[in-house]
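First the structure, in the form of C-alpha cells, and then the observations on it.
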Amino acid sequence: MRLGVNIDHIATLRQARQEAFPDPVAAAKEVLAGGADGIVCHLREDRRHIQDDDVKRLKKLEARLDFEMALTDEMVGIALRLKPEMVTLVPEKRQEITTEGGLDVKSQIQNSKFKTNPKSKALSSKLFKVIKKLKKEKILVSLFIDPEEGQIKAAAEAGAEFIEIHTGRFAQASYVRGRSSGVKQELIIIKKAVQLAKDLGLRVNAGHGLDYNNVRAIAEISGIEELNIGYSIIARAVFVGLKQAVKEMRRAIR
Ligand code: PXP
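Residue numbering for the sequence shown follows my numbering, starting at 82 and increasing by one per position.
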C-alpha cells in the first residue's frame, strides 16, 4: 500500500500570512524522509494555497507527484507542460473548504453534446479528450469519484487508468462516537466499489478524511494501491514534526 501525502495545508499556512514560509517543497522533503511514496498537491484555480511556482519546484524533487486539478483548459495546459507522474481530476467549487464529493463523471459523459449510443457519447466528451491528451504525454490519469456504480462505470468509459475513491462519507461515519453501523455500511460500499473498478480494469486509489484511527480499515481492503492523506498528517505534525507524523501514518496503515 503506497502513501501519498498532500501538502496543500503547508501552503495554506504560508498564504495566511502571505510570507515565504513554511515552504511546501521543504515540507515535501520531510514527508519523503518520513517514508511517503509520493507527494500530492492541488493547484486550485483561485490559487488559495499551492502556487504555480510551488508545483514547478515540487516536480524538480523527482519524487512521484500526483497533481490534483480541475478539468479546465488552464489546468490541462499546466499539466501538459509539467508532466507529473499522475493527474487526479477533482471537482472544484470556489466556496468549499475542501473537495466536497467526487467528480460527476457520469453527467459529463451523458451531457456530451451529440451521439445517442453510450460508447460514442463517452468518446465525444471533454473528459475523454483531456484524458487522451494526458495519456499521450505518459501521464497517468485518475478520477476522484464517489464509490458509486454509475460513476465507476463512467470512469472506465472515459478511459481513465485509475480512480481515487472518495472516502469522505466513511470518514465522517468513523468520527461519530460509538460508530459501528454507519462505518460498516460505508466499508461495504467502498469494498464493492473497489471490486467493480477492478472488474472493469481500473486501478484504485483512495483518500479524503483518513486519519490515524480510521485508516486501517481502508488499508485492509485488497485492490487499493495508494492512500492519499493530507489534513490528519499535517495536524499531527504540529505536535511531533512532519517526518514523525508520516512515520506514524505508515505504521497505522500497516
Ligand atoms: N484526495 C483528494 C483528491 C483530495 O482532494 C484530498 C483533499 O485535498 C485528499 C485526497 C486528502 O484529504 P485529507 O486532507 O482529508 O486527508
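Glycine included, each C-beta is placed from N, C-alpha and C at the ideal position.
Cβ of V349 versus every heavy atom of ligand 1: is any distance shorter than 7 Å?
The structure shown does not extend to residue 349, since the chain is modelled only from 82 through 335, so no value can be given for it.
Exposed or buried, I178, counting other C-beta atoms within 10 Å across all chains shown (16 or more means buried)?
Burial call: exposed.
By a C-beta neighbour count over all protein chains shown, 10 Å radius and 16 as the cutoff for buried, is F102 buried or exposed?
Classification of F102: exposed, given that the 10 Å Cβ count is below 16.
Using 8 Å as the threshold, is the stretch 186 to 193 in touch with the stretch 203 to 217, meaning 3 or more CB pairs across them?
In short, these stretches touch, since the Cβ pair count reaches three.
Check D185 in the structure and name its three-state DSSP category.
In the structure shown, D185 sits in coil (DSSP, three-state: anything other than H, G, I, E or B).
Can you tell me where the beta strand (DSSP E) with M167 in it begins and where it stops?
Segment 167 to 170, the beta strand (DSSP E) holding M167.
Compare the Cα-Cα distances from L113 to each of K174, L152, L142, V222 and report the closest residue.
The residue with the shortest Cα to Cα distance from L113 is L142.
For H247, list the residues DSSP reports as bridge partners.
Partner(s): G288.
Let me know the beta strand (DSSP E) ranges lying completely inside the stretch 268 to 326, each 3 residues or longer, listed in chain order.
Fully enclosed beta strand (DSSP E) runs of 3 or longer: 284 to 288, 305 to 310.
Touch check for the stretch 131 to 142 and the stretch 270 to 277: three-plus C-beta pairs under 8 Å?
No, they do not touch.
Does the separation of the CB atoms of V275 and V285 fall below 8 Å?
Cβ atoms of V275 and V285: closer than 8 Å.
Do G183 and D227 have their beta-carbon atoms positioned less than 8 Å apart in this structure?
Against a cut-off of 8 Å, the Cβ pair of G183 and D227 comes out as a contact.
Just verifying my parser: in three-state terms, what is the DSSP assignment at S261?
DSSP places S261 in coil when its eight states are reduced to three.
Between G115 and the rest of its own chain, which residues show a CB-CB distance below 6 Å, the 5 nearest in sequence each way excluded?
K324, V327, K328.
In the DSSP assignment, find the unbroken beta strand (DSSP E) run with M82 in it and report its ends.
Note, M82: premise wrong, no beta strand (DSSP E); not H, not E.
Spatial neighbours of K279 within its chain, please: CB distance less than 6 Å, with the 5 preceding and 5 following residues excluded, ordered by chain position.
Closer than 6 Å at the Cβ level, and outside the excluded window around K279, lie G304.
For a test of the three-state rule: what should DSSP assign to D104, helix, strand or coil?
In this structure, D104 counts as coil in the three-state DSSP scheme.
Let's test the definition: count the other Cβ atoms within 10 Å of the Cβ of G85 and tell me whether it reaches 16, buried, or not, exposed.
Buried, because 16 or more other Cβ atoms sit within 10 Å of the Cβ of G85.
In the DSSP assignment, find the unbroken alpha helix (DSSP H) run with R162 in it and report its ends.
154 to 163 is the extent of the alpha helix (DSSP H) around R162.
Going by Cα to Cα distance, which pick from R98, E218, Q266, I91 is closest to I120?
When each option's Cα is compared against that of I120, the closest is I91.
What residue range does the alpha helix (DSSP H) around D89 cover?
Per DSSP, D89 belongs to the alpha helix (DSSP H) from 89 to 98.
Taking 8 Å as the threshold (C-beta atoms), are E218 and L170 in contact?
No, they are not a contact pair.
Could you check if D154 belongs to the surroundings of ligand 1, using beta carbon to heavy atom distance under 7 Å?
Incorrect: D154 has no Cβ contact closer than 7 Å to ligand 1.
Using the three-state DSSP reduction, which class does S255 fall into: helix, strand or coil?
Here S255 sits in helix by DSSP.
What's the C-alpha gap between I244 and I88?
So the two alpha carbons sit approximately 20 Å from each other.
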